[in-house]
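Working notes, structure below.
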Amino acid sequence: MNGLHLMPPVASSVAPRLDALFWFAVALCAVVALGVFATIVFLAVRYRRGSNASRAGGSGRTLTIELSWTFVSFALFIALFLWSLFLFTELHTPPRDAQTIYIVAKQWMWKTQHPGGQREINTLHVPLGKPMRLIMTSQDVIHSFYVPAFRVKQDVLPGRYTQLWFTATRAGTFPLFCTQYCGLDHAQMIGSVVVMAPADYAHWLRRQGTPSTLAQTGAALFRSRGCSGCHGTNAAVHAPELHGLFGRAVHLSDGSTVIADERYLRDSIMLPNLQIVAGFAPIMPSFAGQLDEDEVLALVAYLKSLATPEQDLGASP
Amino acid sequence: MSDAATVAADHGHDGIEEHFDDASQQREAAAFGMWVFLATEILFFGVLFASYTICRVLYPQGFAVASRHTDLVLGTIETVVLLTSSTLVMLGLRALQLDRRRAATALLGSTAALGFAFLVLHGFEYYREYTERLIPGLNFHQEGPQARAVELFFCLYYAITGFHSLHVLIGATLILILTVRVARGAFGPRRHTTVELTALYWHLVDIVWLFVFPLIYLIGRAG
Amino acid sequence: MSAIDTAALPAPNFLARDDSLIAWLTTRDHKRIAILYTLGITFFFFLGGAAATLVRLNLIEPTGTLLSAATYNKSFTFHGVVMVWFFLLPSIPVTLGNFLLPLMIGARDLAFPRINLASWYLYMLGGLFTIAALLAGGVDTGWTFYTPFSTMFANSNVYLVVIGVFVAGFSTIFTGLNFIVTTHTMRMPGLTWFRLPLFVWAMYTVSLVMVLATPVLAMTLALIGLERGAGVGIFDPALGGDPLLFQHLFWFYSHPAVYIMILPAMGVISEIVACFARRRVFGYTFMTYSMLGIGAVGFLVWGHHMFVSGQSLYAGIIFSLLSFCVAVPSAIKVFNWTATLHKGDISFDAPMLYALGFIGLFMFGGMTGLILAAPALDVPLHDTYFVIAHFHYVMVGGSVMAYLGGIHYWWPKITGRLYSEGWARFAAILMFFGFNLTFFPQYMLGYLGMPRRYHSYLPEYQLLNILSSAGASILAVAYLLPIAYLLWSLRYGARAGDNPWNARGLEWQTSSPPPLENFTRRPTVREAYAYDETAP
Amino acid sequence: MTTEHADAVKPLRHYFTLLAALLILLAISVGSALLPLGPFNVTINLAVSGLMTYLVMASFMHETAARRLTWLTAVTGFIWLAILIGLALADYLSRSPVPAPWH
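Going down the list, the sequences are from chains A, F, C and V. For reference, each letter of the first sequence is one residue, going 65 to 381 in our numbering. For reference, each letter of the second sequence is one residue, going 23 to 245 in our numbering. For reference, each letter of the third sequence is one residue, going 14 to 549 in our numbering. For reference, each letter of the fourth sequence is one residue, going 1442 to 1544 in our numbering.
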């Protein structure tokens, strides 16, 4: 990566084809541009003031000349459009067997989380040759996940999930940038993607210790943030029972009933007095601002795991 | 274009600016200029209508629930007020063309009065919504699964009706000023371009409300 | 104004009249308003240029030692806001357009002189707000004001800049409205639409785009102001609002805005190339329809700024196809300029050098625009220095070159003086090389993956950044030269006659500088660019 | 805008019939909104508003709207608004939501 490179390393399955498309486009532009420059220079020299080139005869059938160079260049560039169309569609549809990694962008750092629960800051370890699907959200402003070596980029929006996928084809460490301006340290929001052989990747995962799964982290949070104080089995406060809540219909104080899906669980944590359960007082404090995006996710995963009463994960790991 | 010297000579006294050839060219330019300005106003409000359409596509139920919070009766009265004021301003212009200055003053005066009446009615609506805690940013406390969509609706509601009321205020004040000048005889059958353009502006304000009214007040009323 | 030695100029010209400050500040003469605007435009050009110099100096070191991150963010934002809204958008229409449109159609003045003066005051008021924002500590949102950063997270003076741009927006609307009505209602008898010079066509088309696009910006910025004030609004993700909605509204204005910047330049280049090649413009009707085509289709393509922003796949494909269609009229224009040189009698005065430079650099910039319009290629290249290089090639290589070419081409007509040809050619050539040294390395930086708006960068990008900063210093010198020899020519320049370039067009059939009422005798109307006929 | 003003001025009857027509259309609009017509509610409302706009523009502004140019200006305004709404909706209607990681 030192010295003057003309291209970043080719390190993902889509990179070679994107480079081919890029150089085809550059070649196409060069041909048309050089054609025009050469014509300008030729005409400028040939018909300069005082030169004795013959100026007789007006320029002939302008219409056919106009139409010909218009449609020829348009056809060439439509070819470029069609080729890039297929690549763009491919970039937008992750393969079915891709492994999911969950990314949270926060003002000026990247938080990555593997399905097994391993968490990293500003780095992402991925296995070589396996398609990875990154599901990303932001906690504050718009960021953008960009790895030049993989030629992939996707904005990360608050309040919504966006996805990006790649298959690393070369081992090594590649820089990760945030390319959507996000404030003071936008330039510091840099990380690295470490591509390892699958065996090393598995070994690395194990070396991270056996981190608790999402649901177990949620259970720990359930106690540490005081949720069990009200919603626990022997709580003194009169609060809605959470066991088996997920997927059940909930009767609200304004008479309507909603299905307790993830969105309902998430809203009830962050904005509790939005949907108050019938027969309960609106005394639950809001946790908006105190819980990070992935902590809310862990709590939701824990509440979902309470749906099946027999394997009660409430016990500490 | 007649020779520059003679053109300068016969201008100035009957309100034709010296860079126009004759009265019809000046009136034509003024009217066309006003219509171009109206096109910009359509796009100025267009942004709000585009945002409304997109937010409503994203949250149909929320917008239906929110629309029921608005006051249909007051909204309808306000529409009637604006439609009648549009008619009155045209009658005022007609009276001016027939050189009936007193009738023109009365008609234009009542147009301005109806304009201010519209604003007063809007004031009542805003006050009622304030008591029902429906003003985002000031005090907004709603419950239910659609609460955020209702707040989104009311952000749009205040942006749309706020900017529209601002235009009604500008229009009504302009017409009030014209009423005074008409009363003093500043305009007559041969010179009423300014009144004409203000009437055009008033019609635009009326047309914008013709679209705002159904989009804000009429959705979600059925059943 | 007394610097201009007006006594030596032909007797009743618009400069030699009442010379007091009050007369200048309350003038309704389109020529004087054009000069007032030129002063404003030049001032803001160098203000924006200073911010750019800071940015380039800071980027010499990979760790960005010159400026702190906060100051750097404020510098590139200030550079963006001032250059886009206070230089590029108004540059040609309000200076050359204001001065020449009435002259080229044989009218005494624009349709609404008072609105024209109001437009200047709004422009200066907007500029004042933007400078107030700078003095109050600057704004760090980027000239694009993306939400939710600009509404919820930025704690710099977003209000002041939003008000400044809002006010300047109305100045543009008034200019556009004035030009449309003037072109429709005040053409000389006999001057039909297809006898109009292409510069008038450019002013007309650009005014249509101004009038149809700028209101959308005004309301979008008003919504930003409201949302910052109320703390809640339709772009707020916590409320379920969509930040992409802001990007749709913003780019619906901002892409036509880049056509507002380039269309006048195309008008100027058509005039210059026809004059110095002594040929009628090749395919005149194709040129007019392609200008109207750029103006109209320019409104359909804004989604190509949002390929990776979370916009849906199908919308990306639709916008990409439309973006390829909008490139066709631009290609037609470049081909036609080139064909105009055929069988010409070409001389290489300074304006012609600027014109040829424009054609080359605009073509290069437009081509890379097509690369970015292909969605798959935009994925790696979006928001990198490739995009920075692309729009600087089209804006600085295109609009600024054409603006300077136009200033040099009509300088004798505006001031009645001839500038020194040697210095002018030297400045043009120096500018061409300085420009390429500044922005070509940025294409390579872009493909290597250096993101834009970065205060510091990885060490391997340093060499290209040093080249770019070196080029920027040459460019700065090249921009200072015209100020020197043009002002010098005001007092010591040779007297230019009515038509120093022996050009065609009604503006060359009156004295230089023209009298207050533009024409003392009726100009003769002929076909556009009748260079094969002898002058009257 | 013609100089002979006498005949260009319409009789009073013209204005009052127009106002009546507008008020009737308003009643239709409000009335139809109260009926459960599903998607037709929106279409009826917008159609009625469009018709009322045409009436206001055609009759009340007839003096200046006589020329083709002024009609073109108004129509252009609406067309550009349709471009903004249409193409922006093309994005919103064709979005496929990304499933949250917990699925």
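The C-beta atom is built at its ideal place from N, Cα and C for all residues, glycine as well.
Are there 16 or more other CB atoms within 10 angstroms of the CB of A/HIS267, so buried, or fewer, so exposed?
Exposed: under 16 other Cβ atoms inside 10 Å.
Closer than 9 Å to chain C by CB, A/MET196:
Contacts with chain C at 9 Å (Cβ-Cβ) do not include A/MET196.
Report all residues from its chain with a CB closer than 8 Å to the CB of A/GLN375; omit the five preceding and five following residues, and keep chain order.
In this predicted model, A/GLN375 has a pLDDT of only 42, less than 50, meaning its place in the structure is not dependable; the value taken from the coordinates is given anyway. Taken in chain order, the residues that qualify are SER369.
Please classify A/THR226: is it buried, with 16 or more other beta-carbons within 10 angstroms of its beta-carbon, or exposed?
So A/THR226 counts as buried.
Leaving aside the five residues before and after F/LEU152 along the sequence, list all residues of the same chain whose C-beta is less than 8 Å from its C-beta, in chain order.
Looking at the sequence shown, residue 152 of chain F is not Leu but Tyr. Hits under 8 Å: LEU160 and ASN161.
Determine the closest residue to C/ALA516 out of C/ILE384, C/ARG293 and C/SER322, with distance taken between C-alpha atoms.
When only C-alpha atoms are compared, the closest one is C/ARG293.
Looking at chain V, is there any beta carbon in it that lies within less than 9 Å of the beta carbon of C/TRP315?
Interface annotation, C/TRP315: in contact with chain V, CB-CB separation under 9 Å.
Pull up the DSSP beta-bridge partners for A/HIS315, would you.
For A/HIS315, which the question treats as bridged, DSSP gives the partners A/THR321.
Does F/ILE69 have its Cβ less than 9 Å from a Cβ in chain C?
Reading the sequence as shown, one finds Val at residue 69 of chain F and not Ile. So, interface residue.
Which residues of chain A have a Cβ atom closer than 9 Å to the Cβ of F/GLU173, listed in chain order?
Here the premise fails: no neighbours, minimum Cβ distance about 11 Å.
Ordered along the chain, which non-local residues of its own chain (more than five positions away) have a Cβ less than 6 Å from that of C/THR288?
At residue 288 of chain C the sequence reads Cys, which differs from the Thr that was named. Excluding residues up to 5 positions away in sequence, TRP514 and ALA516 lie with their Cβ nearer than 6 Å to the Cβ of C/CYS288 in the same chain.
Helix or strand or just coil, what does DSSP make of F/CYS177?
Here F/CYS177 carries a helix assignment [DSSP, helix/strand/coil].
Tell me the residue span of the beta strand (DSSP E) that contains A/LYS170.
163 to 170 is the span of the beta strand (DSSP E), which, as asked, contains A/LYS170.
C/ASN191 CB to nearest chain F CB: under 9 Å?
Under the Cβ distance rule, C/ASN191 counts among the residues neighbouring chain F, one pair being separated by less than 9 Å.
Outcome for A/HIS315 when other beta-carbon atoms lying within 10 angstroms are tallied against a minimum of 16:
Taking a 10 Å sphere around the C-beta of A/HIS315, we find fewer than 16 other C-beta atoms and assign the residue as exposed.
If C/PHE371 sits next to C/ILE282, beta carbons under 8 Å apart, how far is it from one beta carbon to the other, in whole angstroms?
Going by Cβ atoms, the distance from C/PHE371 to C/ILE282 rounds to 5 Å, so yes, they are a contact pair.
Taking the alpha carbon of F/PHE67 as the point to measure from, which residue in C/TRP206, C/MET300 and C/VAL229 has its own alpha carbon closest?
Nearest of C/TRP206, C/MET300 and C/VAL229 to F/PHE67, Cα basis: C/VAL229.
Buried versus exposed, by CB contacts within 10 Å (16 or more), V/HIS1455
Looking at its Cβ environment, which holds fewer than 16 other Cβ atoms inside 10 Å, V/HIS1455 is exposed.
CB contact check: F/PRO167 to chain V, cutoff 9 Å:
It does not; no Cβ of chain V falls within 9 Å.
Less than 6 Å between C-beta atoms, sequence neighbours within five positions excluded: which residues of the same chain meet that for F/LEU96?
Close CB contacts of F/LEU96 within its chain, under the 6 Å cut and outside five residues either way in sequence, are with LEU143 and GLU147 (chain order).
Along chain V, which residues have their Cβ under 7 Å away from the Cβ of A/TYR225?
Residues of chain V passing the Cβ test: VAL1539 and ALA1541.
Let me see if you follow: with CB-CB separation under 9 Å, is C/PHE179 close to chain F or not?
Output row for C/PHE179: interface = no.
Just the chain V side, please: which residues come within less than 9 Å of A/ILE397 by C-beta, in chain order?
Any property of residue 397 of chain A remains undetermined from this structure, which presents chain A solely from 65 to 381.
Close-in-space but distant-in-sequence residues of the same chain around V/HIS1446 (CB under 8 Å, 5 per side omitted)
The pLDDT assigned to V/HIS1446 is 43, lower than 50, so where the model puts this residue is not dependable; a value taken from the coordinates is nonetheless given after this. Within the same chain, no residue comes within 8 Å of V/HIS1446 by CB-CB distance, once the 5 residues on both sides are set aside.
Residue span of the alpha helix (DSSP H) that contains F/VAL79, given as start and end
Where F/VAL79 is concerned, the enclosing alpha helix (DSSP H) starts and stops at 45 to 80.
Whole angstroms is fine: what's the gap from A/LEU140's alpha carbon to C/PHE295's?
Between A/LEU140 and C/PHE295, the alpha-carbon positions lie close to 23 Å from each other.
Output yes if chain V places a C-beta closer than 9 Å to the C-beta of F/PRO158; else output no.
By this cut-off, F/PRO158 is not an interface position.
Count the other C-beta atoms from every protein chain shown that fall within 10 angstroms of the C-beta of C/ASP552, then say buried if there are 16 or more, exposed otherwise.
Nothing can be reported for residue 552 of chain C, as the shown portion of chain C is limited to 14 through 549.
With 16 as the cutoff for other CB atoms within 10 Å, does F/THR92 come out buried or exposed?
Residue burial is scored here from C-beta neighbours: F/THR92 has at least 16 other C-beta atoms within 10 angstroms and is therefore classed as buried.
Should C/PHE573 be flagged as near chain A, meaning a C-beta pair shorter than 9 Å?
Nothing about residue 573 of chain C can be read from this structure; chain C reaches only from 14 to 549.
Quick check: C/PHE162 and A/TYR366, are their CB atoms within less than 9 Å of each other?
Between C/PHE162 and A/TYR366, the C-beta spacing is not below 9 Å.
Close-in-space but distant-in-sequence residues of the same chain around C/SER343 (CB under 6 Å, 5 per side omitted):
The answer, listed in chain order, is GLY379.
What residue does the alpha helix (DSSP H) around C/ILE401 start on, and which one ends it?
Unbroken alpha helix (DSSP H) run through C/ILE401: 398 to 407.
Report the CB separation of C/VAL339 from C/VAL310 in whole angstroms; it is logged as a contact under 8 Å.
4 Å between Cβ atoms; contact.
For C/HIS43, I'd like the list of residues in its chain whose CB is within less than 8 Å of its CB, leaving aside the five on either flank, ordered along the chain.
Contacts found: ASN111, PHE112, LEU114, PRO115, ASP122, LEU123, PRO126 and ASN129.
Proximity test, Cβ basis, 9 Å: V/MET1442 and chain C:
With a pLDDT of only 37 at V/MET1442, under the threshold of 50, the placement of this residue in the model should not be trusted; the figure read from the coordinates follows. Chain C, which has no Cβ nearer than 9 Å to the Cβ of V/MET1442, makes this no.
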